[in-house]
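As they're listed, the protein sequences go chains A and B.
Under this note's numbering, the first residue of the first sequence carries the number 1, and numbering increases by one thereafter.
Under this note's numbering, the first residue of the second sequence carries the number 324, and numbering increases by one thereafter.
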Amino acid sequence: MSAESFIEYLEVNRSPLEAWGRFIASRIQSSLIESGHSPALIKIPVLPRVKDTASAVGKIGRKGYDNPILQMTDLVGIRFVVLLTEDIQTICDIISTEPSWKAEVSKDFLLEIENNTKSFDYQSKHYEIRPLEDFVTDDISVSKDLCCEVQIRTLLQHAYAEMVHDNIYKPKGLVTTSAERHVARSMALIETTDDLFSRTIKLLDDANAPRVAFAKDLENIFRDHIGGQYIAPDSKTSLLIIDAFSDILEPGLSKKINELLNSKKYIARKIKERASTKGLFSNSVILFVYWLALNSDSTTLKARWPLPGDWRSLNLVSSDVNC
Amino acid sequence: MTSIESPQPAAFSFEGLSIEKVIIHKIHPRSGSDLVPPKTSQKLSVFPQEALDTLQLRIQKALGNKSHGIEMSISLEDADSFFQKSATMLACSDQDFILKSQSLALDLSKAQLSTNAPGGMLAVIRGRVGDKDHPFLAVIKADIQDGFRANEDDDNVNVEYISELLLTEAQRLYKIGLISPVHSRAPVNHLYSPSDYRAFLFDHLMTATETRNAAAYFYGNFLGMSIQASSKKLTQDFFEHTRTFIDTAPISTEQKLDLHEALRSDLKSQAATISVTDFSEKHLPLGLRESYSSFMDSKSFPKNAVIKDNEYINAKLKRRRKYVFTNGVWLSTPSESDENLLKIESLDEKGTTIVTINSRLESQK
């Protein structure tokens, strides 16, 4: 293929390439939310970038491609930057299970680390993604031959890549051996730090697992006995109350609270009556407050009540259970 | 039942109290010695949830657990009595409810004709209470207060004077009577039987002997209630159970002596009612309060207040006996002391006394 016809091809396909990149970005982000993750998992906005013509032609010359349309897999690229190494896997899982495209791993840093145990270099996970069929998105036809390169990396890996890309990989001048040594050392640090970040989050998750599980149980009990339509989630307040009485959490507490709602039918009725007007009564943690009112003495309950702006909810609960 | 007295009724719980209907009438004080008829409403009041919640708080705080509310006996049960009217109102049409509540307003005006009782608002309330959702009928006589309300705009917080304010948290300014059936039975010859009902009263005037007479127009003349015959037994139970609790509590002998003395003096005091909460909050260290209230609970002692009547325990409430010697030495013994505890022999010629105590020395202070 001549350079002229490739340039023409690229100009014609510029907007389909961009549309394909945009399609992948939005599909991954909506799957992320559907699977219960926060959109905040992605730290840098994802924007498709189509290779500019000059740099594409330059690359063809350098690499000696004879069929650049098929061989150049990064004519459009998108990048997901996340905080933790675990988050990379979350996005990979979404990519590999998406039914509307075929995705191939083109670069896997974990595999590379295994193969090069003694060096520290660029880390990122890359996919080449092509549509299964020709299709239309945003009124633009996308051919099944189009390929988008998806890069997934952590913030620290991203920082490394930014540093290396402009200064070492595509240098403006001389790169000394000691400069190379420096970036290798920084990558060693980055790998260590990424690992420490992951472990830190794991430690925090483990420590908080009981209360998170308890909050989840409360929400399920609330849905069963009172109804999902009454819930207005406010996890900050729930956790504040759960933490204030964390010493009372014990295995089996959720079950006891469930039994309480079965034995005292008026509790569900009272919550329903107030759910539309009272913040705390539309929060599933109110079930825990009922349990506390019945099972701990009122002096302790008042002394440790963590919502100085909402004594009324506590008074109403205490009044309901006559304690 | 081991008790010789009538069996103690099961504890009545004010949990799950819900308000279904409310009507409010205005009661006027007498004019000279003439009756001023109440200004009655023709319609039920419609309240938002927050207002119903506040009414619930007032009733439960006044009658429920840890309150000064007391259980009463129903003494007037003729066709015109509060009891018969209110029992009928537990299940009647809205129209009948309104009419009967109006006649209750007139009854209250008449009941206070012989007193200087102030006017106020009479709220008549029907609702449900307890984990079995028993119906109840309550009347609240609320005195009028004045006060302020805060109005906030962007720049300022202003207060506005309100001359007619009622049912604030101040318990001195309202009285409540409440009945609730524990068995539901059809009336015989249009009359319900008081034995199927429990009756409760809250009136701060009832808590002191000096003011109890002033409360009579409300609980006696208007509600047709009287102090329970079981007050003597309940007072005795309170005394005995509390003594057992003190004796078995994990505290020093000295603390036990102090608590026994506190119990004795509370029972001898001018206060007209006793309650687990009052004794607990006045005398018990924090760490013992919960176990005391659950102990009294396990003995089925009421969670609100009871009228104090010391008749059965008068002998036991006597002061400790004190023996004083000329050189300043004195001995103190339980009031019911006899020869089994100690023997005193005087040997006059030497100016000495031999005291034989049938026990070991335990402590010295």
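Just so it is clear, CB atoms sit at the ideal spot from N, CA and C, and this is done for glycine as well.
Please read these numbers as outputs of a predicted model, since none were measured by experiment.
- Using a Cβ-Cβ cut-off of 9 angstroms, residue 337(B) is close to 319, 322 of chain A, given in chain order.
- Distance check between residue 313(A) and each of 300(A), 183(A), 200(A), 283(A) places 283(A) closest, using alpha-carbon atoms only.
- In this structure, residue 347(B) lies away from residue 375(B), with their beta-carbon atoms at least 8 angstroms apart.
- For the pair residue 528(B) and residue 538(B), the Cα-to-Cα distance works out to about 6 angstroms.
- Judged by DSSP secondary structure, residue 599(B) falls within the alpha helix (DSSP H) whose first and last residues are 599-606.
- DSSP places residue 457(B) inside the beta strand (DSSP E), whose first and last residues are 457-465.
- When DSSP states are grouped into helix, strand and coil, residue 82(A) belongs to the strand group.
- The C-beta distance from residue 320(A) to residue 267(A) rounds to 7 angstroms, short enough to fall under 8 angstroms.
- The beta carbon of residue 612(B) sits closer than 8 angstroms to some beta carbon of chain A.
- Residues of the same chain with a CB within less than 6 angstroms of the CB of residue 579(B), apart from the 5 flanking positions on each side, are 569 in chain order.
- Contacts between residue 454(B) and chain A, judged by CB atoms closer than 9 angstroms, involve 263, 264, 265, 266 in chain order.
- Taking one beta carbon from each stretch, the segment 129-147 of chain A and the segment 12-30 of chain A have 3 or more pairs nearer than 8 angstroms; the two touch.
- At the C-beta level, residue 596(B) and residue 631(B) come within 8 angstroms of one another.
- Looking from the CA of residue 67(A), the closest CA among 45(A), 98(A), 252(A), 3(A) belongs to 3(A).
- The beta-carbon separation of residue 133(A) and residue 104(A), rounded to 17 angstroms, does not stay under the 8 angstroms limit for a contact.
- DSSP places residue 555(B) in the helix class (H, G or I) of the three-state scheme.
- By the rule that beta-carbons nearer than 8 angstroms mark a contact, residue 192(A) does not touch chain B.
- Note on residue 16(A): 16 or more other CB atoms within 10 angstroms of its CB, so buried under the neighbour-count rule.
- A buried status is given to residue 391(B), since no fewer than 16 other beta-carbon atoms sit within 10 Å of its beta-carbon.
- Closer than 8 angstroms to the CB of residue 297(A) there is at least one CB belonging to chain B.
- Counting other Cβ atoms within 10 Å of its Cβ, residue 440(B) reaches 16 or more and is therefore classed as buried.
- The alpha-carbon separation between residue 510(B) and residue 518(B) amounts to approximately 12 angstroms.
- The shortest C-alpha to C-alpha distance from residue 138(A) to any of 96(A), 147(A), 24(A) is the one to 24(A).
- Put simply, the backbone Cα of residue 112(A) is about 55 angstroms away from that of residue 275(A).
- For residue 57(A), the enclosing alpha helix (DSSP H) covers residues 53-63.
- In terms of beta-carbon proximity, residue 380(B) lines the interface with chain A, with at least one pair separated by less than 8 angstroms.
- The Cβ neighbour count for residue 492(B), taken over all protein chains shown within 10 Å, is under 16; the residue is labelled exposed.
- For the segment 129-163 of chain A, the beta-carbon criterion of a distance under 9 angstroms to any beta-carbon of chain B is satisfied by none of its residues.
- Note on residue 45(A): under 16 other CB atoms within 10 angstroms of its CB, so exposed under the neighbour-count rule.
- If you draw a straight line from the Cα of residue 263(A) to the Cα of residue 494(B), it comes to about 32 angstroms.
- The Cβ-Cβ distance between residue 79(A) and residue 151(A) falls below 8 angstroms.
- Leaving aside the five residues that flank residue 215(A) on each side, the residues in its chain whose CB is nearer than 8 angstroms to its CB run, in chain order, 235, 238, 239, 242, 284, 285.
- Straight through space, the alpha carbons of residue 72(A) and residue 149(A) are spaced by roughly 10 angstroms.
- Non-local C-beta neighbours of residue 168(A) in its own chain, meaning closer than 8 angstroms and more than five positions away in sequence, comprise 175, 179, 180, 183, ordered along the chain.
- For residue 259(A), no CB of chain B lies under 8 angstroms from its own CB, so it is not counted at the interface with that chain.
- The shortest CA-to-CA distance from residue 107(A) to any of 101(A), 94(A), 121(A) is the one to 121(A).
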